[in-house]
Structures are given as C-alpha cells and as structure tokens.
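Read through the structure below, which is laid out as structure tokens, and then see the notes.
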Amino acid sequence: KHKILHQLLQNSTS
Amino acid sequence: SPTVSMDELEHLAQNISKSHMETCQYLQEELQQSTWQTFLQDEVECYQSKPKEVMWQLCAVKITEAIQYVVEFAKRIDGFMELCQNDQIVLLKAGSLEVVFIRMCRAFDTQNNTVYFDGKYAGPEVFKVLGCDDLITSAYDFAKSMCSLHLSEDELALFSAFILLSSDRSWLQEKSKVEKLQQKTQLALQHMLQKHQRGEEILTKLICKVSTLRGLCSRHTETLSAFRAVYPDIVRAHFPPLYKELFG
Chain S
20 KHKILHQLLQ
30 NSTS
Chain X
1449 SPTVSMDELE
1459 HLAQNISKSH
1469 METCQYLQEE
1479 LQQSTWQTFL
1489 QDEVECYQSK
1499 PKEVMWQLCA
1509 VKITEAIQYV
1519 VEFAKRIDGF
1529 MELCQNDQIV
1539 LLKAGSLEVV
1549 FIRMCRAFDT
1559 QNNTVYFDGK
1569 YAGPEVFKVL
1579 GCDDLITSAY
1589 DFAKSMCSLH
1599 LSEDELALFS
1609 AFILLSSDRS
1619 WLQEKSKVEK
1629 LQQKTQLALQ
1639 HMLQKHQRGE
1649 EILTKLICKV
1659 STLRGLCSRH
1669 TETLSAFRAV
1679 YPDIVRAHFP
1689 PLYKELFG
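From first to last, the protein sequence lines are chains S and X.
Positions 20 to 33 (the working numbering) are the ones given, in order, by the first sequence.
Positions 1449 to 1696 (the working numbering) are the ones given, in order, by the second sequence.
Okay, structure coming up:
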C-alpha cells in the first residue's frame, strides 16, 4: 500500500 | 498555542516560501506570459470530442504531475520529514489535492475565467466531456475567489503549508506533533499578513476556505468513483499509479 508515495518520500530532495 | 520567537516564525516563513518557489511547477512570469494563449474554438471542440475516458485519463495525468510537485513541497517544509511516515502519508493523501486547488489560482486568469492546462489557458467548457460540470464550476469559482484575495507568493506558500499540515485529518498517529507544526505555520502566516499590512479579515477568509477545499476534494472522490464504476478497466490499466494510490 502507498508504494509510490513511500518511494517519493524516500527519494532525496533534488 | 506554543511559545515561538519572532526569529523562529521568520525562519519558518522563509523556509516555506523557499520550498514553495522551488516546487511551484510554473513560475509566475511563465504563467503571465501565456495568458494571451487561450484555446481556440476548434481546439476546444477537439477536447470536447475526445472519448470521455481519454479526457479523464489526461486530467488524471495532469493532476498527478501537479501532486508530485506538492509532495516535493511537503518534503522541504521544516519538520515534515520528522513526522512518522504514517503521518506524512496521511497528510499527503488528504491534503495534496487541496494544495493543487490552492495553487490553481496562480495559473488562473480572472478576466476570462480560464486556467493553464495542457499548454494553454482553458475555460470550463474544455472539460465538458468529463461529465462533472459541478466539480469543474466549483473549482473555477474557488480559484476566482482565491484570486480576489490577492495573496503574495509568500502568503500562498504559508497557506498551502497550513492546509497540508492539518492536524484534524483521520488516522494521524502523532496528532499533537502535527498540531504544533500547524499552529506554528498559522502564526507565521499571521505574522506575514501583519507585516504586509493585510487586514485581520484576510485570515478569517482563508480559514473559511478550509471547508470549501474539503468539499471540492470529496466531490472529486465521488466523481472518480462514479467514473470507476463504469470504466474500471480504464482506471486500472491507464491511470497513473500515484493517482490510484491517493484516491483509490
């Protein structure tokens, strides 16, 4: 559940 | 309310304004330069003659793009990434579309009731085939009423953060932590409005927008479930995964 959102949150801010 | 120093409020306001500017998707100058570009009648007809599901998919893609910028905005707000991951997700699930609606006023032309969409300025008639005139009209009305407040980018940034950090969302695990963040954001917004010599009534008007935003988002959810009931395979196969995660 919420895999993409997790991923987006974990990606470091560019 | 928490005791916060002026320095801290200034610092938070600066952080939120910077985060907003870095993630706002379109710069104000770009948007203003394109206002003369409204869709021509044959282009409008082209959108109107698309199959309903194709237009829905296009809109889902555009909303998802806008939401990705809002996720970046959230991540850059001081304190947001210190919340537990459950709460980060709860806040984004409930608030990211609300921030997209707030941001819509930056890309809105009140003179001819159009909004920047797919490369040009579009009136509500462009979205006719979606079959949700009520929702579209309400979104345009909301953008118009936000525009009438003439908020600066800084004020818009703080209001967006205030909405994103709503501490009354269901399923928060560390409600009081979110509450403190939201209160600090509200104080920073208040401080900014005073500094810009805006009247007290602006804040009251902004707080009134909270329920309008929630209404818009629940209408979006209802409209989506009605669409999904008729076109389940289109949603499953062709809608962006992030959109389905947020609204499914």
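Glycine is no exception: its CB is placed at the ideal position from the N, C-alpha and C atoms.
The model shown is predicted, which means the values in this text are computed figures rather than measured ones.
Of X:1619, X:1606 and X:1485, the smallest CA-CA separation from residue 1464 (chain X) is found for X:1606.
With a contact defined as Cβ atoms closer than 8 angstroms, residue 1587 (chain X) and residue 1664 (chain X) qualify at about 6 angstroms. Look at residue 1679 (chain X) here: in three-state DSSP terms it is coil, with no helix or strand label. By the Cβ test, the stretch 1582-1602 of chain X is not in contact with the stretch 1508-1519 of chain X, since fewer than three Cβ pairs between them sit closer than 8 angstroms. The beta carbon of residue 1510 (chain X) does not come within 8 angstroms of any beta carbon belonging to chain S, so the residue lies off that interface. Under the 10 Å beta carbon count, residue 1634 (chain X) is surrounded by 16 or more other beta carbons and is classified as buried. Your pair residue 1611 (chain X) and residue 1545 (chain X) does not check out as a contact, with CB atoms roughly 10 angstroms apart and the cut at 8 angstroms.
Contact between the stretch 1490-1504 of chain X and the stretch 1670-1687 of chain X is established, with three or more Cβ pairs separated by less than 8 angstroms.
The alpha carbon of residue 25 (chain S) has as its nearest neighbour, out of X:1645, X:1541 and X:1451, the alpha carbon of X:1541. Between the stretch 1481-1490 of chain X and the stretch 1561-1568 of chain X there are three or more inter-stretch CB-CB distances shorter than 8 angstroms, so the stretches are counted as touching. For the stretch 1525-1539 of chain X, the set of residues with a beta-carbon nearer than 9 angstroms to any beta-carbon of chain S comprises 1529, 1533, 1536 and 1537, in chain order. Taken through DSSP and simplified to helix, strand or coil, residue 1483 (chain X) comes out as coil. Ranked by Cα distance from residue 1527 (chain X), the first of X:1627, X:1683, X:1669 and X:1475 is X:1627. Near chain S, meaning a CB-to-CB distance below 9 angstroms, the residues of the stretch 1495-1519 of chain X are 1516 and 1519. Proximity of residue 1546 (chain X) to chain S, defined by a Cβ-Cβ separation below 8 angstroms, is not satisfied. Around residue 1654 (chain X), the same chain offers 1607 as residues with beta carbons nearer than 7 angstroms, after the five sequence neighbours per side are excluded.
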